[in-house]
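Here's the structure we're looking at; comments come further down.
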Amino acid sequence: SSWHARFSVLTYLQIMVFYNLFTILSNEQAVQDVRAVVIRLLEDEQLEVREMAATTLSGFLQCNFLAMDASMQTHFEALCKTRLPKKRKRGSVVDTIPSV
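Sequence positions in the sequence shown follow this note's numbering and run -3 to 96.
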């Protein structure tokens, strides 16, 4: 799917939650669903989506819509320990023609 759609979902989610904060807070399943979407998008392949997910999570934590509980902290600590693949050097010459 398009990363623009995932980005837009986060923008919509922020507006929806802030305008309906108390209604959504009264439904624990809705809070958990929002949390799951934001955390999943924090690991998106597209940088812009990850950045917007981080901004969204930050806003939700600041207004106490979400709390940094032990399970969330454990999840983020595990992500910190994950090694990222090395970047290939740009402009390096790769021999695609086999030698005879």
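A virtual CB, placed ideally from N, CA and C, is assigned to each residue, including glycine. In this text the structure is predicted, and so the values were computed from the model without any measurement.
TODO: State yes or no: is the C-beta of residue 62 within less than 8 Å of the C-beta of residue 50?
DONE: no
Open item on the list: My output table needs one value for residue 29: the three-state DSSP class, helix, strand or coil.
Closed with: helix
Open item on the list: Assuming residue 33 and residue 53 are in contact, meaning their beta carbons sit under 8 Å apart, how far apart are those beta carbons, in whole angstroms?
Closed with: Not really, about 10 Å apart at Cβ, beyond 8 Å.
Open item on the list: Rounding to the nearest angstrom, what Cα-Cα distance links residue 23 and residue 56 in this structure?
Closed with: 16 Å
TODO: Pick helix, strand or coil for residue 48, following the three-state DSSP scheme.
DONE: helix
- [ ] Just the C-alpha distance for residue 73 and residue 43, rounded to the nearest angstrom, thanks.
- [x] 20 Å
- [ ] Could you check which residue in 14, 35, 40 and 28 has the C-alpha nearest to that of residue 0?
- [x] 40
TODO: Label residue 6 either buried or exposed according to how many other C-beta atoms from any shown protein chain fall within 10 Å of its C-beta, with 16 as the threshold for buried.
DONE: buried
TODO: Would you mind working out which of 3, 2, -2 and 31 sits nearest residue 13, comparing C-alpha positions?
DONE: 31
Open item on the list: Do residue 71 and residue 35 have their beta-carbon atoms positioned less than 8 Å apart in this structure?
Closed with: Yes; because the gap between Cβ atoms is below 8 Å, this pair is in contact.
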